[in-house]
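Take a look at the structure below.
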Amino acid sequence: MDALRKQASKLREQVAKQQQAVIKQFSATGYESSDVMVIDEMEMQLHHQLDKLYKSTREKRDFQKEIVKAAETFTAIGYKHIETGTKLSEDCCKYGVENPNDEVLAKAASIYGDARKHAEKEVEDLNKLLFSQVLEPLRAMVAGSPLEDARHLAQRYSKMRQEAEIQAAEVSRRQARVREAPIPENVAKVHAAETKMQELKANMTILGKEAAAALAAVESQQERLTFQRLVAMVEAEKLYHERVAVILGNIEAEIVSEKQRKEAAPPVATLAVNPPAHIPEKTKYFLAEAIHSFEAESEKELSLSVGDYVVVRKVTQSGWSEGECQGRAGWFPSEYVEKRQRVPTSNGATEVY
């Protein structure tokens with residue numbers, strides 16, 4: 005009979021050691037689920053709550069790291085974009101200065117080169133916003149002490165729970181010893197084991213609630229801050245694209261307008277520079293007053309100041325007119341002048357053109 009009791013006691017000790025080994029294996033990476041022994045229903049609920057919070061805060065932290073990584077890549081590309089755009093701006097301006105005879109392309113290159121500087125300034129502003137409003141706040145939270153402190157509390161609770169599970173197994177083993185041999189020594193050992201178990205349960209409950217409250221607060225802060233930083237990143241990118249779109253729209257309008265103006269001006273202005281002695285019979289002149297200033301950009305054009313009177317000798321459908329003002333002749337935009345009075349034509353009649 006004694007031999008059977010010793011064999012059973014030895015078997016229980018082996019089972020307890022195996023349980024401890026399993027617990028140690030599953031708890032090596034921090035806070036892990038361990039259901040080797042359920043102490044009571046309340047403790048089990050607290051355990052599951054902590055397990056869920058521990059995993060969710062880790063997932064949110066990993067998501068924050070991904071956003072930080074993306075923002076870092078965006079800024080790196082942005083600085084490379086600035087470097088490339090600045091070089092292109094310099095090359096365009098250089099071409100515009102060194103090729104004045106190539107009027108249309110040189111002018112377009114100069115316009116684009118100047119505007120490119122403003123576009124790169126917008127990239128620089130976007131990088132600054134990403135750094136100050138996304139990178140810095142998220143980095144600070146990922147590496148911040150609140151999250152680490154809360155996780156440390158959860159890990160302490162996990163270790164205490166493992167101790168409680170081991171102690172529960174020890175209480176069961178001592179109680180079996182008492183049933184086998186109800187001697188005072190075994191009874192005292194059971195009472196000591198049960199007392200230690202109660203202390204562990206009380207401490208574990210306090211620590212578990214503290215860890216759950218800390219992790220819940222961190223999770224709430226993670227959600228709020230991550231959402232705010234995502235909105236800030238969207239707003240920064242939206243503002244950047246809107247401003248760049250305006251810059252590119254202005255570039256396109258100015259380049260196209262310049263090209264149309266050059267193409268609309270007659271390639272030869274012999275009539276303006278050297279008016280013939282004989283004017284055809286049906287040619288009609290009229291007097292006009294300049295209502296806008298116009299600065300000539302070639303010898304074929306006529307500069308005007310507001311209030312100048314011009315004898316208009318020809319009006320074309322392209323929007324340009326030819327005339328003479330203060331002994332100078334040339335072409336100017338038709339809409340820059342207004343007709344003022346009738347003047348005699350070459351055959352002596354008085355008509356309005």
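Mind the numbering: the sequence shown is residues 5 to 357 in our numbering, read in order.
C-beta atoms are modelled at their ideal positions from N, C-alpha and C, and glycine is treated no differently.
Since the model is a prediction, treat every value here as computed from it, not as a measurement.
Checklist entry - Can cysteine 329 and valine 310 be called in contact, C-beta distance under 9 Å? => result Result no, Cβ atoms of cysteine 329 and valine 310 do not sit closer than 9 Å.
Checklist entry - Helix, strand or coil for glutamate 299 per DSSP? => result coil
Checklist entry - Out of Glu262, Ser338, Leu50, which has the shortest C-alpha to C-alpha gap to alanine 110? => result Glu262
Next on the checklist: Give me, in chain order, the residues of the same chain whose beta-carbon lies closer than 7 Å to that of asparagine 131; leave out the 5 immediate sequence neighbours on both sides.
Outcome noted: Setting aside the 5 residues that flank it on each side, asparagine 131 is surrounded in the same chain by Thr79, Gly82, Tyr83, each with a C-beta closer than 7 Å to its C-beta; the list follows chain order.
Checklist entry - Do valine 72 and leucine 142 have their C-beta atoms within less than 9 Å of each other? => result Contact: yes.
Checklist entry - Hey, glutamate 326 and alanine 333: beta-carbon distance below 9 Å or not? => result yes
Checklist entry - How do the stretch 213-230 and the stretch 54-70 stand: do at least 3 beta-carbon pairs fall below 8 Å, yes or no? => result Touching, yes.
Checklist entry - Can the beta-carbon of arginine 181 be found closer than 9 Å to that of lysine 193? => result yes
Item to check | DSSP state of glycine 34 mapped onto helix, strand, coil | outcome: Any reading at glycine 34 must be qualified, since the residue scores a pLDDT of 49, below 50, and its modelled position is unreliable; no value is offered.
Next on the checklist: In the DSSP output, which residue or residues are listed as bridge partners for proline 337?
Outcome noted: Trp324
Next on the checklist: Given this structure, state the Cα-to-Cα distance separating arginine 344 from glycine 331, to the nearest angstrom.
Outcome noted: 19 Å
Checklist entry - Hey, alanine 147 and leucine 57: beta-carbon distance below 9 Å or not? => result Taking the C-beta atoms as reference points, leucine 57 is found no nearer than 9 Å to alanine 147.
Checklist entry - If you drop the 5 nearest sequence neighbours on each side, which residues of the same chain put their C-beta closer than 6 Å to that of alanine 113? => result Once the five neighbours on either side are set aside, the close Cβ partners of alanine 113 are Cys96, Tyr99, Gly100.
Next on the checklist: Bridge partners for alanine 294 per DSSP, in chain order?
Outcome noted: Val341
Next on the checklist: Do serine 93 and glutamate 124 have their beta-carbon atoms positioned less than 9 Å apart in this structure?
Outcome noted: yes
Checklist entry - How should arginine 317 be labelled, buried or exposed, when 16 other C-beta atoms within 10 angstroms of its C-beta is the threshold for buried? => result buried
Checklist entry - So the alpha helix (DSSP H) valine 175 belongs to, where does it begin and stop? => result 149-184
Checklist entry - Nearest CA to the CA of glutamate 293: which residue from Val250, Pro337, Met237, Ala257? => result Of the residues Val250, Pro337, Met237, Ala257, the one whose Cα lies closest to the Cα of glutamate 293 is Pro337.
Item to check | Distance between beta carbons of tyrosine 161 and leucine 211, contact taken as under 8 Å | outcome: 5 Å
Checklist entry - Under three-state DSSP, which class holds valine 238? => result DSSP places valine 238 in helix when its eight states are reduced to three.
Checklist entry - Mapping DSSP to helix, strand and coil, what is glutamate 63? => result helix
Checklist entry - What number of angstroms, rounded off, separates the C-alpha of glutamate 107 from the C-alpha of serine 302? => result Cα-Cα distance, rounded: 10 Å.
Item to check | Counted within 10 angstroms of its Cβ, other Cβ atoms place methionine 145 as buried (16 or more) or exposed | outcome: buried
Item to check | Same chain only: Cβ atoms within 6 Å of glutamate 339, ignoring 5 sequence neighbours per side | outcome: Cβ neighbours of glutamate 339 beyond the five flanking positions: none.
Next on the checklist: For a quick check, are the C-beta atoms of alanine 221 and alanine 168 less than 9 Å apart?
Outcome noted: No.
Next on the checklist: Contact criterion: CB-CB distance below 9 Å. Does serine 149 meet it with respect to chain D?
Outcome noted: You won't find chain D in this structure, because it holds only one protein chain.
Checklist entry - Closest to aspartate 312 by CA distance: which of Ser297, Gln321, Val319 is it? => result Ser297
Checklist entry - Any idea which residues DSSP pairs valine 315 with across the strands? => result Leu291, Glu328
Checklist entry - Is it right to say phenylalanine 135 is buried, meaning 16 or more other beta carbons lie within 10 angstroms of its own, or is it exposed? => result Flag for phenylalanine 135 reads exposed.
Next on the checklist: With H, G and I counted as helix, E and B as strand and the rest as coil, what does DSSP make of glutamate 198?
Outcome noted: The answer is helix: DSSP assigns glutamate 198 an H, G or I state.
Checklist entry - Among residues of its own chain, excluding the 5 on either side of asparagine 254, which ones have a beta-carbon nearer than 8 Å to its beta-carbon? => result Ala119
Item to check | Simplified DSSP state of leucine 308, which is helix, strand or coil | outcome: The answer is strand: DSSP assigns leucine 308 an E or B state.
Checklist entry - How is isoleucine 187 classed by DSSP in three states: helix, strand or coil? => result coil
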